[in-house]
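In what follows, a structure is listed as structure tokens, so that the remarks can point back to it.
Okay, here's the thing in structure tokens:
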């Protein structure tokens with residue numbers, strides 16, 4: 018990604034802001050429940066990492082949201098938001114990781130026979146951030 022800043026119009030900022038708000042909220046919705054933080058089978062250390070993920074999403078989402086609306090920080094705001102979703106996707110490359118524990122697999126939504134897990138969300142959110150950047154660059158010409 019070219020990190021030169023783009024003076025973004027309101028549309029791209031609003032789209033990226035929606036991703037920022039979801040970056041703040043979704044980790045808490047996904048993890049503050051019996052599948053993660055209140056899972057009696059998880060160790061305290063595993064719960065620590067879940068809490069860290071929630072706090073990191075909140076912090077990166079808030080920082081990204083602020084930067085999206087500051088002059089000369091739009092591109093940096095997009096990058097900060099992308100960091101959360103890209104690192105979440107990369108976690109699937111580590112040994113022994115999975116998108117969900119088997120006993121909770123039925124909680125994942127399905128559309129047309131496709132199970133929607135966080136990998137799909139990662140791709141969608143990074144795609145929306147890339148779209149925001151492309152839209153801003155196109156409008157800035």
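In the working numbering, the protein residues as written are 18 to 158. Backbone N, C-alpha and C fix where the C-beta goes; we use that ideal spot for every residue, glycine too. Values in this document were obtained by computation on a predicted structure and should not be read as measured data.
Measure how close the beta-carbons of residue i and residue j come, nearest whole angstrom, since I'm counting them as under 8 Å.
{"i": "residue 74", "j": "residue 152", "result": "24 Å between Cβ atoms; not a contact."}
{"i": "residue 22", "j": "residue 89", "result": "5 Å"}
{"i": "residue 80", "j": "residue 97", "result": "5 Å"}
{"i": "residue 91", "j": "residue 154", "result": "Their Cβ separation, rounded to whole angstroms, is 10 Å, which puts residue 91 and residue 154 out of contact at 8 Å."}
Where does residue i land, buried or exposed, given buried means 16+ other C-beta within 10 angstroms?
{"i": "residue 128", "result": "exposed"}
{"i": "residue 48", "result": "buried"}
{"i": "residue 147", "result": "exposed"}
{"i": "residue 55", "result": "exposed"}
{"i": "residue 65", "result": "exposed"}
{"i": "residue 132", "result": "exposed"}
{"i": "residue 123", "result": "exposed"}
{"i": "residue 25", "result": "buried"}
{"i": "residue 135", "result": "buried"}
What residue from the options has the CA that sits closest to residue i's CA?
{"i": "residue 67", "options": "97, 35, 43 and 119", "result": "43"}
{"i": "residue 94", "options": "155, 35 and 156", "result": "35"}
{"i": "residue 145", "options": "99, 24 and 105", "result": "99"}
{"i": "residue 85", "options": "37, 156, 124 and 134", "result": "37"}
{"i": "residue 83", "options": "63, 41 and 135", "result": "41"}
Report the three-state DSSP secondary structure of residue i (helix, strand or coil).
{"i": "residue 21", "result": "coil"}
{"i": "residue 41", "result": "helix"}
{"i": "residue 143", "result": "helix"}
{"i": "residue 117", "result": "coil"}
{"i": "residue 132", "result": "strand"}
{"i": "residue 156", "result": "helix"}
{"i": "residue 90", "result": "coil"}
{"i": "residue 127", "result": "strand"}
{"i": "residue 52", "result": "coil"}
{"i": "residue 30", "result": "helix"}
Going by beta-carbon coordinates alone, are residue i and residue j separated by less than 8 Å?
{"i": "residue 16", "j": "residue 121", "result": "Residue numbering for the chain in the displayed model covers 18 to 158; residue 16 lies beyond these limits and cannot be assessed."}
{"i": "residue 32", "j": "residue 149", "result": "yes"}
{"i": "residue 39", "j": "residue 111", "result": "no"}
{"i": "residue 108", "j": "residue 114", "result": "yes"}
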